[in-house]
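J.:
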Amino acid sequence: MRRVTLFVNGTSKNGKVVAVYGTLSDLLSVASNKLGIKASSLYNGKGGLIDDIALIRDDDVLYVSEGDPFIDPQTESKVASGQHGAHTDWLTLNIGGRLFTTTRSTLVSKEPESMLAHMFCEKDVWGNKQDKHGAYLIDRSPEYFEPILNYLRHGQLIINEGLNIRGVLEEARFFGIEQLAEQLEVAIKNCQPPEDHSPISRKEFVRFLLATSTKSELRCQGLNFSGTDLSRLDLRYINFKMANLSRCNLAHANLCCSNLERADLSGANLDGTNLQGVKMLCCNAEGASLKGCNFEDPSGLKANLEGHTFLSVFVS
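Residue 108 in UniProt numbering is what sits at position 108 of the sequence shown, and the numbering runs on without skipping anything.
(1) Which of helix, strand or coil does DSSP assign to residue 34?
(2) Smallest Cα separation from residue 106: which of 143, 178 and 154?
(3) Give me the Cα-Cα distance between residue 110 and residue 120, rounded to the nearest whole angstrom.
(4) For residue 138, write down the residues that DSSP places opposite it in a beta bridge.
(5) Could you tell me if residue 276 is buried or exposed, where buried requires 16 or more neighbouring beta carbons within 10 angstroms of its beta carbon?
(6) Report buried or exposed for residue 158, applying the criterion of at least 16 other Cβ atoms within 10 angstroms of its Cβ.
(7) Cβ atoms of residue 35 and residue 8: under 8 Å apart, would you say?
(8) Okay, do the stretch 212-226 and the stretch 163-171 touch, 3+ Cβ pairs below 8 Å being the bar?
(9) Is it true that the CB of residue 253 sits closer than 8 Å to the CB of residue 232?
(10) Taking the C-alpha atoms as reference points, what is the distance between residue 292 and residue 226?
(11) Quick one: what's got a C-beta closer than 6 Å to residue 326's C-beta in the same chain, skipping five residues either side?
(12) Under 8 Å Cβ to Cβ from residue 148, same chain only, skipping five residues before and after it: list those, please.
(13) Counting only the same chain and skipping the five closest in sequence on each side, list residues whose C-beta sits under 7 Å from that of residue 235.
(14) Excluding the 5 residues flanking residue 47 on each side, which residues of the same chain have their C-beta closer than 6 Å to its C-beta?
(15) Taking the DSSP output, what are the residues bridged to residue 63?
(16) Give the range of the beta strand (DSSP E) segment to which residue 16 is assigned.
(17) Can you tell me which of the three DSSP states residue 103 falls into?
(18) What residue range is occupied by the uninterrupted alpha helix (DSSP H) comprising residue 166?
(19) What's the call for residue 22, buried or exposed, on a 16-neighbour Cβ count within 10 Å?
(20) Can residue 282 be considered in contact with the ligand HEM, in the sense that its beta carbon sits closer than 7 Å to one or more heavy atoms?
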């Protein structure tokens with residue numbers, strides 16, 4: 001007579017020793033009565049499905065299933081021991097399909113108000129979902145989570161080359177790790193190229209002029225032309241409102257009907273410039289040279305210099 005030890009699938013406790021006789025169906029019926037389950041299949045210790053009673057040897061250890069796949073009892077025991085361990089026990093996170101093993105204290109201690117801390121500060125409070133190996137399932141990006149976990153381990157922000165720091169920031173915000181999010185925001189700001197406030201060169205501006213149709217008005221409002229040589233250029237009808245034209249060379253340029261309202265012309269050279277119909281309301285021309293400028297328009301259109309500053313202006 002053969003005898004075997006039966007366990008419920010995935011466990012190694014509360015086994016039952018039974019005699020093997022008759023058919024496989026007879027053994028399943030005995031297993032159902034002994035274990036209190038609806039037995040439908042048998043597995044050996046390596047997960048092999050028993051489909052013939054002749055395959056069973058004396059003193060075999062078999063695992064009885066209700067139809068679910070084989071579950072290794074050793075894996076199940078590791079998960080169970082992890083669920084009943086200390087507050088700093090080890091656990092595994094399944095982040096987007098990638099496994100990260102760490103301790104509960106790592107997730108809780110550094111940022112106690114974060115989502116991760118609340119998820120794992122007490123056992124099973126959130127009812128966190130686990131995969132078949134006991135790893136906690138979190139649907140986030142593993143690449144961006146790795147530097148966050150390292151930060152929780154040692155408190156240093158280290159991001160490998162080629163990793164988008166903005167992605168790490170979004171994960172830090174999602175998990176509620178505020179101190180790390182602040183560091184990442186500063187790092188992103190420091191990575192931004194400095195704003196270019198350098199003056200526009202003559203070469204650049206000529207390119208703009210050539211690319212603009214003669215029927216279109218070129219808008220240069222608020223641009224920086226400080227010290228730029230714009231002499232002898234056709235600048236008619238251009239909007240230079242609030243532009244910086246200080247120390248700019250505009251000698252013999254054609255500024256007919258252009259808008260220089262509130263522009264800075266301090267120290268600029270406008271000798272021989274055509275200023276017919278120009279709008280220069282509240283323009284600053286302190287120290288500028290306007291020798292030989294033409295303000296007369298045969299059609300009667302007048303230049304508007306209301307509020308214009310002429311301090312130390314040289315006119316002849």
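A virtual CB, placed ideally from N, CA and C, is assigned to each residue, including glycine.
T.: Reading it off the structure:
(1) helix
(2) 154
(3) 13 Å
(4) 95
(5) buried
(6) exposed
(7) yes
(8) no
(9) yes
(10) 22 Å
(11) An answer regarding residue 326 cannot be provided, because it is not within the stretch 1 to 316 covered by the chain.
(12) 168, 171, 172, 175, 177 and 180
(13) 253, 254, 255 and 258
(14) 70
(15) 7 and 43
(16) 16-20
(17) strand
(18) 165-174
(19) exposed
(20) Absence of the ligand HEM is noted for the structure shown, with no ligands found whatsoever.
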